[in-house]
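**Student:**
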Amino acid sequence: MQSFPINGHGIKAGDSQPLPNALATVRRTGLWCPRPGLSADPHEHRLRIGVLDTVAHELRNALMPIRLAAAQLGAVHGDESRLPRLRVTIEQQLDLMSRLIGDLVDNARAGNGKLRLQCTDTDVADVLARTIAACRPGMVAREQHLVLDIPATPALRCYGDPLRLVQILGNLLDNASKYTPCGGRITLSVRQNNERIAMTVSDNGIGIAAAGLVHIFEPFVQTDEAVRFNDSGLGIGLSLVRNLVEAHGGRVVARSAGIGFGSQFTVTLPIGSSAKPRRRGHPAKSS
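Each residue of the sequence shown is one higher than the one before, starting from 12 at the first, in the working numbering.
1. Going by DSSP in three states, Ile-208 sits in which element: helix, strand or coil?
2. Any idea if Gly-283 is buried or exposed, counting beta-carbon neighbours within 10 angstroms, 16 or more meaning buried?
3. Can you find at least 3 beta carbon pairs, one from the stretch 189-205 and one from the stretch 153-164, that sit closer than 8 Å?
4. Going by the CB atoms, is the gap between Ile-217 and Ile-270 shorter than 8 Å?
5. Just grab the DSSP bridge partners of Gly-171 for me.
6. Roughly how many angstroms separate the alpha carbons of Glu-229 and Ala-258, rounded to a whole number?
7. Here's the rule: buried if 16 or more other CB atoms are within 10 angstroms of the residue's CB, otherwise exposed. What is Asn-204?
8. Please confirm if the stretch 160-171 is in contact with the stretch 131-148, defined as three or more CB-CB distances below 8 Å between the two stretches.
9. How big is the Cα-Cα spacing for Val-177 and Ile-161?
10. Are the CB atoms of Ser-267 and Leu-224 nearer to each other than 8 Å?
11. Taking a contact to mean a Cβ-Cβ separation below 8 Å, would you say Leu-280 touches Gly-261 in this structure?
12. Determine, using beta carbons only, whether Val-201 and Leu-184 come nearer to each other than 8 Å.
13. If you run the structure through DSSP and keep just helix, strand and coil, what is Ser-267?
14. Over what stretch of residues does the alpha helix (DSSP H) that includes Arg-253 continue unbroken?
15. Return the Cβ separation of Asn-254 and Ala-121 in integer angstroms, given the expectation that the two are a contact with Cβ distance under 8 Å.
16. So, for Ala-82: in the same chain, excluding its five sequence neighbours on each side, which residues have a beta-carbon less than 8 Å away from its beta-carbon?
17. So Leu-224 is in the beta strand (DSSP E); what residue range does that whole segment cover?
18. According to DSSP, is Thr-191 part of a helix, a strand, or is it coil?
19. Pull up the DSSP beta-bridge partners for Val-201, would you.
20. Helix or strand or just coil, what does DSSP make of Gln-103?
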């Protein structure tokens, strides 16, 4: 086992309160007129309004630093020493927006059965290295420690889409870092047998209540504890993880002993190419 320091508003589960201002506005303006065949359930409309509000909030948060940086660019007046910092700010926020929109698009494609995978015999060690490199900045900022528990031999391989596998593990590591206090510990372990490979991300963060575990993979759902600890994000990362894992014919399971006891997410994938996707509705396409 190797241990080293990494240095150098969604809809909440169990939320039963309406969005009075939004719904009142919709009713008052006469927009509360569902078309024939669509549900008129106020709860469903509340969820839709809440999702749109959260998406708008996250995009606005990312746009504000870009707007400020753009304004400062016009005030440089020959002082080019400020340009690298402004460029980094713009690039970071654009990357955040790109990932946010990408997750939304991928979730929509998965729901419509249009998610495409480029599956091949994949070196898991390469996937791990690329994932850790992508997640390092967030862990650096929080002074968290990453523990790797990976067998030295034999070579770890599985059948999957390398980019999507990085996306799966990256979402899990980002999620663990996001809900683990500064200086906390995150563990990434891998186990393999003759047929399947299991990759587990665990942490000593805020944990998940039993009621939250039931809905943790649903889209746009965040537990009360998660929102109080860190209210950024849409609550779609874990939903996308489930969609991508099942598109690979695998399974993802979440475990937690409760609030304050950390959490554990285990992704199990087939090693060979004979596994069939286990999807809700339409299967993902593989090419």
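For glycine and all other residues, C-beta sits at the position ideal for the given N, C-alpha and C.
**Tutor:** The answer reads as follows:
1. strand
2. exposed
3. yes
4. yes
5. Thr-131
6. 16 Å
7. exposed
8. yes
9. 16 Å
10. yes
11. yes
12. no
13. coil
14. 248-258
15. 4 Å
16. none
17. It is not in any beta strand (DSSP E) - Leu-224 instead sits in the alpha helix (DSSP H) that spans 221-226.
18. coil
19. Met-210
20. helix
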